[in-house]
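Below is one structure, written out as structure tokens; comments come after it.
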Amino acid sequence: MHPLLPSQRQRAELRRCQGLHSIRGFFIAIGILLFTISFRLIKVQRQISVTPPSRIQAKNAIGPQDRRGLSRGISRLSTRRSGSIVFLKDNTKHRYKLASSAPIQQRTSFTETRAFVPGVTRLKVDDPKYQKLPDCPSIKWDTEGIEIDNIPHSFDTNFPAVLGQSDLAISQNDDAKAQLAKIGKHRDKILKLLKEHGAILLQTQSISQDVEGYRDVLRELGLVACKDPLAARKSLDNEVKKVVPNTAGLGLHHDRSDYAPRNNLYDELIEEPKMPQFSAFVCFQPACEGGEFRILDGVRMVREMDRNILKRLYEKRIRSAEVYGLWLPQSVFNVFAGWAIKVLPENFDWKWSSFVNPTFKSRSFFKAPPDGWQDPTSPPQILTDIWRYEILLQEQSPINRHPQTGEVVWFNNIHLWEGDKIQWKKKFKNSIGARSKAVYADGSYISQDDLDHIVELTEKNEVKILMQPGDVVLVDNYRVLHGRESFKNSRNQSRLHAVTFGEEFI
Numbered sequence: 037m038h039p040l041l042p043s044q045r046q047r048a049e050l051r052r053c054q055g056l057h058s059i060r061g062f063f064i065a066i067g068i069l070l071f072t073i074s075f076r077l078i079k080v081q082r083q084i085s086v087t088p089p090s091r092i093q094a095k096n097a098i099g100p101q102d103r104r105g106l107s108r109g110i111s112r113l114s115t116r117r118s119g120s121i122v123f124l125k126d127n128t129k130h131r132y133k134l135a136s137s138a139p140i141q142q143r144t145s146f147t148e149t150r151a152f153v154p155g156v157t158r159l160k161v162d163d164p165k166y167q168k169l170p171d172c173p174s175i176k177w178d179t180e181g182i183e184i185d186n187i188p189h190s191f192d193t194n195f196p197a198v199l200g201q202s203d204l205a206i207s208q209n210d211d212a213k214a215q216l217a218k219i220g221k222h223r224d225k226i227l228k229l230l231k232e233h234g235a236i237l238l239q240t241q242s243i244s245q246d247v248e249g250y251r252d253v254l255r256e257l258g259l260v261a262c263k264d265p266l267a268a269r270k271s272l273d274n275e276v277k278k279v280v281p282n283t284a285g286l287g288l289h290h291d292r293s294d295y296a297p298r299n300n301l302y303d304e305l306i307e308e309p310k311m312p313q314f315s316a317f318v319c320f321q322p323a324c325e326g327g328e329f330r331i332l333d334g335v336r337m338v339r340e341m342d343r344n345i346l347k348r349l350y351e352k353r354i355r356s357a358e359v360y361g362l363w364l365p366q367s368v369f370n371v372f373a374g375w376a377i378k379v380l381p382e383n384f385d386w387k388w389s390s391f392v393n394p395t396f397k398s399r400s401f402f403k404a405p406p407d408g409w410q411d412p413t414s415p416p417q418i419l420t421d422i423w424r425y426e427i428l429l430q431e432q433s434p435i436n437r438h439p440q441t442g443e444v445v446w447f448n449n450i451h452l453w454e455g456d457k458i459q460w461k462k463k464f465k466n467s468i469g470a471r472s473k474a475v476y477a478d479g480s481y482i483s484q485d486d487l488d489h490i491v492e493l494t495e496k497n498e499v500k501i502l503m504q505p506g507d508v509v510l511v512d513n514y515r516v517l518h519g520r521e522s523f524k525n526s527r528n529q530s531r532l533h534a535v536t537f538g539e540e541f542i
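The numbering used here applies: residue 37 is where the sequence shown begins, and numbers increase by one.
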């Protein structure tokens with residue numbers, strides 16, 4: 037080696053020093069961020085004003101008793117832009133139509149993005165129409181006395197049920213009124229299949245290719261809409277919520293108010309988690325590439341799972357946990373920031389005694405650095421992964437009985453949380469772990485072998501549906517989990533899906 041060139045050990049030491057400089061810069065940046073947040077909160081509190089009641093117009097309110105349509109408003113056109121789509125709203129007929137528009141710049145590059153747990157923010161929805169909807173019902177638990185060994189091994193092989201236009205006697209020449217009449221005629225058949233299989237795909241229904249037609253279909257079926265359990269999705273038309281347009285994939289999950297642990301950390305009071313009985317998903321425009329809708333039969337999941345693993349999970353019960361570190365898998369400064377934004381402005385009794393609701397259990401400990409931390413090619417932030425802070429939420433059963441059929445169903449979001457580990461390199465995947473995870477009720481960890489079995493079985497039994505414009509998937513949330521594949525948008529085509537939550541069919 038040339039005497040003027042650094043040795044391998046010197047190069048490794050140089051990289052390590054650069055990593056320490058990066059860590060120092062990180063903490064300086066965090067300090068600046070916390071100062072900015074504090075300054076912003078003071079500024080916002082000084083500028084708070086109450087919206088005059090005259091500006092709040094409770095027009096076209098929707099209640100569960102109104103199945104056939106909306107009250108008529110004054111004729112006026114307004115526009116709403118979403119991606120590369122412009123919705124034209126006609127208040128006389130209360131409809132949204134897809135209209136052409138100049139394309140909006142979209143990210144065109146496509147990489148394999150991770151299936152992560154998005155940080156869903158609960159919003160205070162002040163729209164009077166939204167407030168007229170019934171609250172999302174609380175989850176119905178029936179978990180006592182389940183005999184794991186007595187659960188049958190047979191499962192539904194026709195999941196999901198599929199009905200095309202020919203099955204509903206709909207022809208291409210039928211207008212919207214005729215299509216609705218035929219869907220209404222087959223209503224009992226559709227709901228029967230939904231009960232038997234847990235999910236049903238209504239294929240290529242031309243009437244449901246716009247928001248108004250989609251809502252008319254749901255009213256013809258008798259779905260009573262309820263509020264979003266997370267209150268976090270943008271509304272296209274009150275009852276119709278736009279699916280989050282994140283191009284990353286999303287693991288299989290239930291749309292529950294405790295969807296991810298971080299959603300409940302800053303709640304003033306601990307309430308029973310909420311979940312709608314039914315969800316209706318519609319495709320207005322597919323992605324340029326990918327974006328398949330994923331569903332999983334929770335009955336089949338339970339019946340095919342290793343009985344020893346299922347018995348351990350059921351007998352020991354589980355808790356969801358949010359995991360923090362100095363930097364990885366997410367910075368503990370997120371806890372302070374969440375407290376400053378969500379708790380500090382409120383008059384909570386525990387505001388000055390805890391950063392999160394004190395009902396939750398928390399623990400911290402030091403850990404060994406992740407495998408491969410000595411590798412000079414490893415990113416410097418790996419050196420900070422020596423400490424953990426975990427917040428454990430209330431214990432729950434991983435399985436439940438279906439409130440109507442009594443069948444035992446898989447009832448948790450473990451696959452969603454485990455999918456978060458995809459973001460790490462293979463050698464760090466299990467040592468760094470996910471930002472949200474499941475642990476046993478006593479706080480002990482579920483073995484990685486058991487978690488791997490759950491993930492493998494989930495992905496083996498899931499069904500992927502490449503939805504086309506007008507496709508509607510009705511889902512029984514107690515039985516079926518759902519998710520999506522990562523997708524690619526183009527300059528002229530952006531994925532536009534929507535969802536409506538319902539408490540019952542009447």
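We treat Cβ as the ideally placed atom computed from N, Cα and C, and that holds for glycine.
Checklist line | Neighbour-count burial assignment, T283, 16 or more Cβ in a 10 Å radius | finding: A residue is called buried once 16 or more other Cβ atoms fall within 10 Å of its Cβ, and T283 is buried on that count.
Item checked: Nearest to K347 (by Cα), restricted to the options S389, G361, S472 and T179 -> Minimum Cα distance to K347 is reached at T179.
Note to self: Pairs of beta-carbons, one from the region 428–437 and one from the region 344–363, closer than 8 angstroms: are there three or more?
What the structure shows: A contact exists between the region 428–437 and the region 344–363.
Margin query: If we require 4 or more residues per run, which alpha helix (DSSP H) segments fall completely within the region 421–481?
Written below: Annotation: the region 421–481 contains the following complete segments of the alpha helix (DSSP H) (minimum length 4 residues), in chain order: 450–454 and 465–468.
Note to self: Quick check on the DSSP output: the beta strand (DSSP E) that includes H489 runs from which residue to which?
What the structure shows: Looking at the DSSP string, H489 is not in any beta strand (DSSP E); the run it does join, the alpha helix (DSSP H), is Q484 to N497.
Notebook entry, point to check: Should T413 be labelled buried (16 or more other beta-carbon atoms within 10 Å of its own) or exposed?
Noted result: The residue in question, T413, is exposed, as its Cβ has fewer than 16 Cβ neighbours within 10 Å.
Notebook entry, point to check: Alpha carbon to alpha carbon, how far is W386 from L266?
Noted result: Rounded to the nearest angstrom, the two C-alpha atoms are 23 angstroms apart.
Note to self: Is the beta carbon of E248 closer than 7 angstroms to that of A261?
What the structure shows: The criterion of a C-beta distance shorter than 7 angstroms is not satisfied by A261 and E248.
Item checked: For D478 and I345, believed in contact at Cβ under 8 angstroms, the rounded distance -> That belief does not hold up - the Cβ atoms of I345 and D478 are roughly 17 angstroms apart, past 8 angstroms.
Notebook entry, point to check: So what does DSSP say about Y360, is it helix, strand or coil?
Noted result: Y360: strand per DSSP, three-state reduction.
Check: Out of curiosity, what's the CA-to-CA distance linking Q484 and P365?
Finding: Going from the Cα of Q484 to the Cα of P365 covers about 17 angstroms.
Next item on the list: Can you check DSSP and say which residues form a bridge with K278?
Entry: DSSP output for K278 lists A534 as bridge partner(s).
Next item on the list: Using 6 angstroms as the cut-off, classify the Cβ of P439 as near or not near the heavy atoms of the ligand NAD, replying yes or no.
Entry: The ligand NAD is not part of this structure, which contains no ligands at all.
Item checked: Rounded C-alpha distance that separates F314 from L230 -> Put simply, the backbone Cα of F314 is about 10 angstroms away from that of L230.
Checklist line | Alpha-carbon to alpha-carbon, V475 and R343 | finding: Rounded to whole angstroms, R343 to V475 spans 18 angstroms at the Cα level.
Note to self: Assuming the contact rule is C-beta atoms closer than 8 angstroms, G234 and R520 should be a hit. Round their C-beta distance to whole Å, please.
What the structure shows: The pair is not a contact, with the Cβ atoms about 18 angstroms apart (cut-off 8 angstroms).
Next item on the list: Quick one: using the 10 Å Cβ neighbour count with 16 as the cut-off for buried, is A217 buried or exposed?
Entry: The Cβ neighbour count for A217, taken over all protein chains shown within 10 Å, is under 16; the residue is labelled exposed.
Margin query: Three Cβ pairs or more, each shorter than 8 angstroms: is that satisfied between the region 294–304 and the region 490–504?
Written below: Too few Cβ pairs lie closer than 8 angstroms, so no.
Check: Quick one, are the C-beta atoms of F329 and I206 less than 7 angstroms apart?
Finding: Taking 7 angstroms as the cut-off, the beta carbon of F329 is found no closer than this to the beta carbon of I206.
Next item on the list: Express the C-alpha separation of Y360 and Y250 in angstroms, rounding to a whole number.
Entry: Straight-line Cα distance between these residues: approximately 42 angstroms.
Item checked: Whole-angstrom distance between R527 and Q141, CA atom to CA atom -> Residue confidence is low: Q141 scores 30 on pLDDT, short of 50, so the model does not pin down where it sits. Its coordinate-derived value is still stated next. Taking the straight line joining both Cα atoms gives about 6 angstroms.
Notebook entry, point to check: Residues in its own chain within less than 8 angstroms of G538 by CB, not counting five upstream and five downstream?
Noted result: Only L254, L259, V260, A261, C262, P312, Q313, F314, S315 and A316 meet the Cβ criterion.
Next item on the list: Just the C-alpha distance for M503 and L532, rounded to the nearest angstrom, thanks.
Entry: About 11 angstroms.
Next item on the list: Give the straight-line distance between the Cα atoms of W460 and E308, rounded to the nearest whole angstrom.
Entry: Within the model, the alpha-carbon separation for W460 versus E308 is close to 33 angstroms.
Next item on the list: Count the CB pairs spanning the region 505–524 and the region 320–340 that are closer than 8 angstroms, and state whether there are at least three.
Entry: They touch, by the three-pair rule.
Check: Alpha carbon to alpha carbon, what distance is there between G408 and K176?
Finding: Taking C-alpha positions only, K176 is separated from G408 by approximately 46 angstroms.
Note to self: Using a 10 Å radius around the Cβ and a threshold of 16 neighbouring Cβ atoms, would you call Y481 buried or exposed?
What the structure shows: Exposed is the call here.
Item checked: Alpha-carbon spacing of I182 relative to E351, whole angstroms -> The C-alpha of I182 lies about 10 angstroms from the C-alpha of E351.
Notebook entry, point to check: Hey, D456 and R471: beta-carbon distance below 7 angstroms or not?
Noted result: The answer is yes: Cβ separation under 7 angstroms.
Note to self: Using only the alpha-carbon positions, how far apart do T433 and S244 sit?
What the structure shows: First, the residue type needs correcting, since residue 433 is Ser and not Thr in the sequence shown. Going from the Cα of S433 to the Cα of S244 covers about 38 angstroms.
Check: Do H290 and N513 come within 7 angstroms of each other at the CB atom, strictly closer than that value?
Finding: Going by C-beta atoms, N513 is nearer than 7 angstroms to H290.
Next item on the list: Since I believe L349 is in contact with E498 (beta carbons under 8 angstroms), could you give me their beta-carbon distance rounded to a whole number of angstroms?
Entry: No, E498 and L349 are not in contact; Cβ-Cβ is about 19 angstroms, not under 8 angstroms.
Note to self: If you reduce the DSSP assignment to three classes, tell me which class D246 lands in.
What the structure shows: Judged by DSSP in its simplified three-state form, D246 adopts coil rather than helix or strand.
Next item on the list: List the residues that DSSP assigns as beta-bridge partners of G326.
Entry: DSSP, once it has assigned bridges, lists F523 as partnering G326.
Item checked: Q321 - containing beta strand (DSSP E), residue span -> In the DSSP assignment, Q321 falls within the beta strand (DSSP E) that extends over F314 to Q321.
Notebook entry, point to check: Are there 16 or more other CB atoms within 10 angstroms of the CB of S34, so buried, or fewer, so exposed?
Noted result: Absent from the model: residue 34. The displayed extent of the chain is 37 to 542, so no value can be given.
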